[in-house]
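Chemist:
There are 2 protein chains.
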Amino acid sequence: MGMNVSTSVLRRLNIEALLRHAFTSGTFTAAEAMDATSLTRATVLGLCDELTAAGWIEEVEDSRTAGLSRRGRPARRHRLRSGAGLVIGVDAGRSGYRAMAADLRGTVLATGRRELDPDVVDRELRISTVQDLVREVREASASAAPLLVTVIGIPAPVDTRGRSPIDVGTFWRLMNSGFPEHLAGRVVVENDANLSALAEHGLHPEANMAALLVGERVGAGLIVDGRLLHGALGGAGEMRFLETVLQDDIGAEGVGSLARRWTREGLAAGRESPLLAALPAESLTAVDVFAAAQAGDALARDVLDRIGERIARIAAILVSLLGIERIVLAGAVASSLEPVLVRAREVLPDIAYAPFPELVASGLGRDAVVRGAIEHALSCLREDPLELLELLEPAELPDSP
Amino acid sequence: MGMNVSTSVLRRLNIEALLRHAFTSGTFTAAEAMDATSLTRATVLGLCDELTAAGWIEEVEDSRTAGLSRRGRPARRHRLRSGAGLVIGVDAGRSGYRAMAADLRGTVLATGRRELDPDVVDRELRISTVQDLVREVREASASAAPLLVTVIGIPAPVDTRGRSPIDVGTFWRLMNSGFPEHLAGRVVVENDANLSALAEHGLHPEANMAALLVGERVGAGLIVDGRLLHGALGGAGEMRFLETVLQDDIGAEGVGSLARRWTREGLAAGRESPLLAALPAESLTAVDVFAAAQAGDALARDVLDRIGERIARIAAILVSLLGIERIVLAGAVASSLEPVLVRAREVLPDIAYAPFPELVASGLGRDAVVRGAIEHALSCLREDPLELLELLEPAELPDSP
DNA sequence: CTGGTAAATTCAGTTGCTAGATTTAATGCT
DNA sequence: AGCATTAAATCTAGCAACTGAATTTACCAG
Numbered sequence: 072m073g074m075n076v077s078t079s080v081l082r083r084l085n086i087e088a089l090l091r092h093a094f095t096s097g098t099f100t101a102a103e104a105m106d107a108t109s110l111t112r113a114t115v116l117g118l119c120d121e122l123t124a125a126g127w128i129e130e131v132e133d134s135r136t137a138g139l140s141r142r143g144r145p146a147r148r149h150r151l152r153s154g155a156g157l158v159i160g161v162d163a164g165r166s167g168y169r170a171m172a173a174d175l176r177g178t179v180l181a182t183g184r185r186e187l188d189p190d191v192v193d194r195e196l197r198i199s200t201v202q203d204l205v206r207e208v209r210e211a212s213a214s215a216a217p218l219l220v221t222v223i224g225i226p227a228p229v230d231t232r233g234r235s236p237i238d239v240g241t242f243w244r245l246m247n248s249g250f251p252e253h254l255a256g257r258v259v260v261e262n263d264a265n266l267s268a269l270a271e272h273g274l275h276p277e278a279n280m281a282a283l284l285v286g287e288r289v290g291a292g293l294i295v296d297g298r299l300l301h302g303a304l305g306g307a308g309e310m311r312f313l314e315t316v317l318q319d320d321i322g323a324e325g326v327g328s329l330a331r332r333w334t335r336e337g338l339a340a341g342r343e344s345p346l347l348a349a350l351p352a353e354s355l356t357a358v359d360v361f362a363a364a365q366a367g368d369a370l371a372r373d374v375l376d377r378i379g380e381r382i383a384r385i386a387a388i389l390v391s392l393l394g395i396e397r398i399v400l401a402g403a404v405a406s407s408l409e410p411v412l413v414r415a416r417e418v419l420p421d422i423a424y425a426p427f428p429e430l431v432a433s434g435l436g437r438d439a440v441v442r443g444a445i446e447h448a449l450s451c452l453r454e455d456p457l458e459l460l461e462l463l464e465p466a467e468l469p470d471s472p
Numbered sequence: 072m073g074m075n076v077s078t079s080v081l082r083r084l085n086i087e088a089l090l091r092h093a094f095t096s097g098t099f100t101a102a103e104a105m106d107a108t109s110l111t112r113a114t115v116l117g118l119c120d121e122l123t124a125a126g127w128i129e130e131v132e133d134s135r136t137a138g139l140s141r142r143g144r145p146a147r148r149h150r151l152r153s154g155a156g157l158v159i160g161v162d163a164g165r166s167g168y169r170a171m172a173a174d175l176r177g178t179v180l181a182t183g184r185r186e187l188d189p190d191v192v193d194r195e196l197r198i199s200t201v202q203d204l205v206r207e208v209r210e211a212s213a214s215a216a217p218l219l220v221t222v223i224g225i226p227a228p229v230d231t232r233g234r235s236p237i238d239v240g241t242f243w244r245l246m247n248s249g250f251p252e253h254l255a256g257r258v259v260v261e262n263d264a265n266l267s268a269l270a271e272h273g274l275h276p277e278a279n280m281a282a283l284l285v286g287e288r289v290g291a292g293l294i295v296d297g298r299l300l301h302g303a304l305g306g307a308g309e310m311r312f313l314e315t316v317l318q319d320d321i322g323a324e325g326v327g328s329l330a331r332r333w334t335r336e337g338l339a340a341g342r343e344s345p346l347l348a349a350l351p352a353e354s355l356t357a358v359d360v361f362a363a364a365q366a367g368d369a370l371a372r373d374v375l376d377r378i379g380e381r382i383a384r385i386a387a388i389l390v391s392l393l394g395i396e397r398i399v400l401a402g403a404v405a406s407s408l409e410p411v412l413v414r415a416r417e418v419l420p421d422i423a424y425a426p427f428p429e430l431v432a433s434g435l436g437r438d439a440v441v442r443g444a445i446e447h448a449l450s451c452l453r454e455d456p457l458e459l460l461e462l463l464e465p466a467e468l469p470d471s472p
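If you're matching them up, the sequences are chains A and Y in order. Just add 71 to wherever you are in the first sequence, counting from 1, and you've got my numbering. Just add 71 to wherever you are in the second sequence, counting from 1, and you've got my numbering.
1. Provide the residue span of the alpha helix (DSSP H) that contains A432 of chain A, from first to last.
2. My understanding is that V158 of chain Y touches G224 of chain Y, with C-beta atoms under 8 Å, so please give their C-beta distance in whole angstroms.
3. From the beta carbon of G305 of chain A, is the nearest beta carbon of chain Y less than 8 Å away?
4. For T221 of chain Y, is the classification buried or exposed, using 16 other Cβ atoms within 10 angstroms of its Cβ as the cut-off for buried?
5. Give me the chain A residues within the contact set of T231 of chain Y, using Cβ-Cβ distance strictly less than 7 Å, ordered along the chain.
6. State the DSSP-derived secondary structure class of A85 of chain A, mapped to helix, strand or coil.
7. Give a yes or no on whether 8 Å exceeds the smallest Cβ distance from H447 of chain Y to chain A.
8. I need the DSSP call for D106 of chain Y, collapsed to helix, strand or coil.
9. How many angstroms separate the CA atom of R437 of chain A from the CA atom of P456 of chain A?
10. Looking at chain A, is there any beta carbon in it that lies within less than 8 Å of the beta carbon of A88 of chain Y?
11. Assuming S214 of chain Y contacts G154 of chain Y (C-beta within less than 8 Å), just tell me the rounded distance between them.
12. Is it a yes or a no for the stretch 387-399 of chain A touching the stretch 272-285 of chain A, going by three-plus beta-carbon pairs under 8 Å?
13. Quick check on N265 of chain A: does DSSP put it in helix, strand or coil?
14. Can you tell me which of A:H272, A:G126, A:T98, A:E132 puts its alpha carbon nearest to the alpha carbon of A439 of chain A?
15. When the distance is taken between beta carbons, is L81 of chain A closer than 8 Å to L90 of chain Y?
16. Does DSSP put A255 of chain Y in a helix, in a strand, or in coil?
17. Using the three-state DSSP reduction, which class does V192 of chain A fall into: helix, strand or coil?
18. Does the separation of the CB atoms of G292 of chain A and L266 of chain A fall below 8 Å?
19. Are the C-beta atoms of R91 of chain Y and some chain A residue less than 8 Å apart?
20. Can a CB atom of chain A be found closer than 8 Å to the CB of L329 of chain Y?
21. Report the residues of the stretch 382-398 of chain A with a CB closer than 8 Å to any CB of chain Y, ordered along the chain.
22. In terms of residues, what are the limits of the beta strand (DSSP E) holding D174 of chain A?
23. Beta-carbon separation of L475 of chain Y and G302 of chain A under 8 Å?
24. First and last residue of the beta strand (DSSP E) that includes E454 of chain Y?
25. Tell me whether T114 of chain Y sits in a helix, a strand or coil according to DSSP, three-state version.
26. Going by other Cβ atoms of all chains shown within 10 Å of its Cβ, with 16 needed for buried, is L196 of chain Y buried or exposed?
27. Would the beta-carbon of V432 of chain A fall within 8 Å of that of A405 of chain A?
28. Would you report the Cα separation of M310 of chain A and S109 of chain Y, rounded to the nearest angstrom?
29. According to the neighbour-count rule (16 or more other Cβ atoms, all chains shown, within 10 Å of its Cβ), is D473 of chain Y buried or exposed?
30. Measure the Cβ-Cβ separation of R416 of chain A and L435 of chain A and say whether it is below 8 Å.
31. Going along the chain, which residues of the stretch 259-279 of chain Y sit with their C-beta nearer than 8 Å to a C-beta in chain A?
32. May I ask which residues mark the beginning and end of the alpha helix (DSSP H) holding A387 of chain Y?
33. What is the C-beta distance between G325 of chain A and V360 of chain A, in whole angstroms, given that I count them as a contact (C-beta under 8 Å)?
34. Here's the rule: buried if 16 or more other CB atoms are within 10 angstroms of the residue's CB, otherwise exposed. What is G143 of chain A?
35. For the candidate residues Y:L300, Y:R169, Y:A102, Y:R176, whose alpha-carbon lies nearest to that of A448 of chain Y?
36. Would you mind giving the Cβ-Cβ distance between A172 of chain A and A181 of chain A, rounded to the nearest angstrom? I have them listed as a contact below 8 Å.
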């Protein structure tokens, strides 16, 4: 059809504003959109009709049927058509991948996962695994909607342009396996801790917050003044400095690693711990330590306390240097972290100044990164709805369904 | 005078784009503006005429007279009229104020200063001093141009909205003395270290850099991903965490303070230092220590080395946690800091990982904050040229020629 | 003086918004 | 049932402001 190729600047601007309103608010009336876009009713309704015809929004029950108004002519109501597009989030971790497909309202339609041998260094394999997984969740989502954005979280620094630095080994390069070139549509690569931060930010928006991804290593996703930080070479949130600053050689080791290390050291130093001593030292995990502490084991409790103190130190730095108000600990062990956090909150007043940051454990568990990926995909859309709309334009916008 | 009150959205947008181009590029031709704004020649020239009539831009010698083109009809050239507006920057320090007035191209037209007793706690006095000083530099600038923006740098945390937290004492509140309510026009309050960072950023733009203001206390201005960080309560750049992290009670003490402290401690511990021991302990300053080190005094050199090591620790944290690439040390002592920086660069490889940040001393000396204030004022204009244009509109933009 | 180049100017044509009048949809009161 | 009331949708003319193309201007070189 005769859809003008170079749609006027103004028109684009207005469509964008309306679409953004549709993304942010749920269902909306013309009057609300008029407030949001400062356009006339005539214009808003005209655009709504067009967007409806194009399939981006849909008309829902009017305000009276919905019980929202009593007098006067009922207002027509529209909302973003959740099925207008699909987004996919992938947590491309070291030892396994998780993916989710969601609609435009963030409703998860399908999930999938793959295990990977963390020690196998095979770029091709990682790429094809992600390709497979994306195809799988897309099919499982049973949605004919076009795939708008795919966000991939990787355990390596990522700069504002999605690139990872060349590290001494090949690890980062392996993790950031050039996904955009090997997947269809718009692909965004982001650091995993950053995505956790976005996930938590989505649940509880706060302008200055951090997510600490505490698995085998600690990595932070930092949100300051409402924006995610990347830094040179994507280095923001890197925690190696702890090594020299805290004058030990522990550095950025995470909860898993520290729990094992300090338990072994304690046992080697002859500490009594019937529960932990009974376990084979080689297969000892953080989960065992948490369980032992729960059961009252003194060594286990000490270990968790030390971990809590370390978290508190990190918190003290983040709150002072960056004005962080809320720190969320995420990762597989997040749900067990409460005893660690209790200790951290306890010592914080001794090593930092008020106001202290809120210290909480993530409720998202293993899904934090994937959820963040979905969240990020949706916020890309919210920020620039037109760009995406144009990505598909060839087939789109012609005739009403 | 029939200028439509609600000038069309599109028109505003285009004027803004053109004005921004005028701010960023120096002199420009219609063709350049067409590229920048993606408008037609007809439109660009129309807007140029209007803006010229309104006094915001001016026509300068054409491209042939300027020797820029040989063939064809010479292109008309325009540029921002530097005299169209005035900006003022103030460094409202604890013990004295400095101010500068500059035109729209950043050329300094006048400077002024006032000394203040740092121990006098008098809000009214501080306000009236700034009012005086602003009036003084404005008059000294001999410019009839309207004052568009005044930026004031203060030694207290300032959040994104220009507010300082209520501290335990009244110091911060005293520093942030509600200037916007007591000065004419648009007034922006910003932290002094942040302004130093902007000053350095203006001279040598780098997306990830920090300014360390090292006077009696250390404070950092942090620029990450090209943006200044503020954090909750304006706390970003706060260095108190050093106190507990480095396990000493020195905390955020600056070069001046540390030089005195460590020299006294050295002397008290019986270190030999004919040069420094000769000076009265009470009036000893950092300048004396720098001079002694220059003259070969061993104690003085040790003190400077220790300061250098401390700077290196801070650098190690900033580069790792935030991906900072360049750290500029600013403040009154900046010009003497080279020996400190030499030591800092020397130890950095031992306590941090490559790539190391560039460590340099500011060349701006005592003017760093005021310069940053001017820089910030101009970038406010660059970001949103229309807002300012509208602030004065009453007399402006009346009839078409 | 003429041809060539590159810009400025002019002007009709078009887009897409706004403002205001009119119409429509529903309820409540008499 | 009929009519007033409310609030929205729709229709219409009017207009601002941009684009595109044709035309004119400015200047140089030969």
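Where is the CB? At the ideal position from N, CA and C, for every residue including glycine.
Modeler: The structure says:
1. For A432 of chain A, no alpha helix (DSSP H) run applies; the uninterrupted beta strand (DSSP E) run containing it begins and ends at 429-432, by DSSP.
2. Contact between V158 of chain Y and G224 of chain Y is absent: CB atoms are separated by about 14 Å, not below the 8 Å threshold.
3. True, the Cβ-Cβ gap to chain Y drops below 8 Å.
4. When all chains shown are included, T221 of chain Y counts as buried.
5. Contact annotation for T231 of chain Y against chain A: D296 [CB-CB distance below 7 Å, chain order].
6. At residue 85 of chain A the sequence reads Asn, which differs from the Ala that was named. Under the three-state reduction of DSSP, N85 of chain A is assigned to helix.
7. Closer than 8 Å: no.
8. Helix, per DSSP.
9. Going by the C-alpha atoms only, they are around 30 Å apart.
10. Chain A contact via Cβ: absent.
11. About 6 Å; that satisfies the 8 Å criterion.
12. Contact holds: three or more Cβ-Cβ distances are below 8 Å.
13. Residue state, collapsed to three classes: helix.
14. Residue A:H272 is the option with its Cα nearest to A439 of chain A.
15. No, these two residues do not count as a Cβ contact at 8 Å.
16. In the structure shown, A255 of chain Y sits in coil (DSSP, three-state: anything other than H, G, I, E or B).
17. Reduced to three states, the DSSP call for V192 of chain A is coil.
18. Yes.
19. It does not: the Cβ of R91 of chain Y has no partner Cβ on chain A nearer than 8 Å.
20. By this cut-off, L329 of chain Y is not an interface position.
21. Those would be R384, A387, I388, V390, S391, L392, L393, G394, I395, E396, in chain order.
22. For D174 of chain A, the uninterrupted beta strand (DSSP E) segment begins and ends at 167-174.
23. Residue 475 of chain Y is absent from the model: chain Y starts at 72 and stops at 472.
24. Segment 439-454 is the alpha helix (DSSP H) holding E454 of chain Y; no beta strand (DSSP E) there.
25. In the displayed model, T114 of chain Y falls within a helix according to three-state DSSP.
26. Burial state of L196 of chain Y is exposed, judged by a 10 Å Cβ sphere holding fewer than 16 other Cβ atoms.
27. A small correction: the amino acid at residue 432 of chain A is Ala; Val does not occupy that position in the sequence shown. The answer is yes: Cβ separation under 8 Å.
28. So the alpha carbons of these two residues sit roughly 45 Å apart.
29. Outside the shown range of chain Y, which is 72 to 472, sits residue 473 of chain Y, and nothing can be said about it.
30. It is not a contact, given that the beta carbons lie outside the stated cut-off.
31. Taking 8 Å as the Cβ-Cβ cut-off, the stretch 259-279 of chain Y approaches chain A at A278, N279, given in chain order.
32. Looking at the DSSP string, the run of the alpha helix (DSSP H) that includes A387 of chain Y is 369-393.
33. Actually they are not in contact, since the Cβ atoms of G325 of chain A and V360 of chain A sit about 13 Å apart, beyond 8 Å.
34. If you draw a 10 Å sphere on the C-beta of G143 of chain A, you find fewer than 16 other C-beta atoms in it, and that means exposed.
35. Residue nearest to A448 of chain Y within the set Y:L300, Y:R169, Y:A102, Y:R176 is Y:R176 (criterion: CA-CA distance).
36. Separation of the CB atoms of A172 of chain A and A181 of chain A is rounded to 5 Å, and the pair is thereby assigned contact status at 8 Å.
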